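Here the sequence shown is numbered in our numbering, starting from 11 and rising by one per residue.
In what follows, a single structure is set out as structure tokens and then discussed.
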Amino acid sequence: MLKKYVSGLAAGFLVLGVPAMALACNWGAKAEGDCNQISLSVAVERGKSEAAGTYDLYWSKEGNPKKGEIIEHGEIPALKKGETHQVVYDLDKNKNGHEGNYAFYLKEPNGSIWSNPVKVTGCSQAEQPAQPEQPNKPEQPAQPEQPNKPEQPAQPEQPNKPEQPAQPEQPTKPEQPAQPGQPAKGGQLPKTATSYPLAIAWSGALLATGLGILVFRKRHA
Numbered sequence: 011m012l013k014k015y016v017s018g019l020a021a022g023f024l025v026l027g028v029p030a031m032a033l034a035c036n037w038g039a040k041a042e043g044d045c046n047q048i049s050l051s052v053a054v055e056r057g058k059s060e061a062a063g064t065y066d067l068y069w070s071k072e073g074n075p076k077k078g079e080i081i082e083h084g085e086i087p088a089l090k091k092g093e094t095h096q097v098v099y100d101l102d103k104n105k106n107g108h109e110g111n112y113a114f115y116l117k118e119p120n121g122s123i124w125s126n127p128v129k130v131t132g133c134s135q136a137e138q139p140a141q142p143e144q145p146n147k148p149e150q151p152a153q154p155e156q157p158n159k160p161e162q163p164a165q166p167e168q169p170n171k172p173e174q175p176a177q178p179e180q181p182t183k184p185e186q187p188a189q190p191g192q193p194a195k196g197g198q199l200p201k202t203a204t205s206y207p208l209a210i211a212w213s214g215a216l217l218a219t220g221l222g223i224l225v226f227r228k229r230h231a
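Quick look at the structure:
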């Protein structure tokens, strides 16, 4: 009797409980990633809408990520059928390193759901993304040749300056006569010769001759 009762409960749970659990969370969760980031796309698969909820990102170095540690927590807004919400996690934030196994665990008021696991490997030897080539700098246009400067016209020859006339010789300044009583200072002696004595002598001789002739006539008259 008891066995039949337990079997009946189990059958009822399978008939009613499993569909109820399936309808408890209408989300569809798809995860993918690489050495740079892990992303999650959340969409409403069944029903017309889904209440807001939360998510946890689990990580483990090896094995099942569901048994690992939570490295990120966030919120998911209420979604309507046809809407999609994207969650992106930058692997630089993982203190354990980029490599490992990841999985998202989504929860909403009526249920929860796991995303597919994502395994990330080979990040330590992953090549850095190629840097975009820098566009070639446009060549600088050639500078136009500077026109040759016109030659400066030859400067006309300056006319020869007329020779300056010879300066006339300055007349010799007459020597100052020696002051009386002052001894003559060197130089040429003044001219002192005169004809006065000779004239006096001739005058005296003529006077004597005339007087002699006058006396001689008076005696013989």
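Glycine included, every Cβ here is placed at the ideal spot set by N, Cα and C.
Every value quoted in this text rests on a predicted model; they were computed, and no experiment measured them.
- Taking C-alpha positions only, residue 96 is separated from residue 78 by approximately 23 Å.
- At the C-beta level, residue 121 and residue 69 stay beyond 9 Å of one another.
- Inclusion of residue 52 and residue 39 in the CB contact set at 9 Å is warranted, their separation being smaller than that value.
- Cβ-Cβ distances below 6 Å link residue 85 to 64 in the same chain, with the five nearest sequence neighbours on each side left out; the list follows chain order.
- Apart from sequence neighbours up to five positions away, the residues of its chain that approach residue 100 with a beta-carbon distance below 7 Å are 47, ordered along the chain.
- Here residue 117 is bridged, per DSSP, to 64 and 122.
- Rounded to whole angstroms, residue 153 and residue 165 show a C-alpha spacing of 34 Å.
- A Cβ-Cβ contact shorter than 9 Å links residue 90 with residue 60.
- In the three-state DSSP reduction, residue 44 falls in the coil class, being neither helix nor strand.
- The beta-carbon separation of residue 114 and residue 41, rounded to 5 Å, stays under the 8 Å limit for a contact.
- Under DSSP, residue 79 forms a beta bridge with 69.
- For the set 215, 206, 205 and 35, the Cα lying nearest the Cα of residue 118 is the one of 35.
- Assignment of residue 108 by DSSP, reduced to helix, strand and coil, places it in the coil class.
- By the neighbour-count criterion, in which 16 or more other beta carbons inside 10 Å mark a residue as buried, residue 123 falls on the buried side.
- Taking the Cα positions, residue 174 is about 37 Å away from residue 161.
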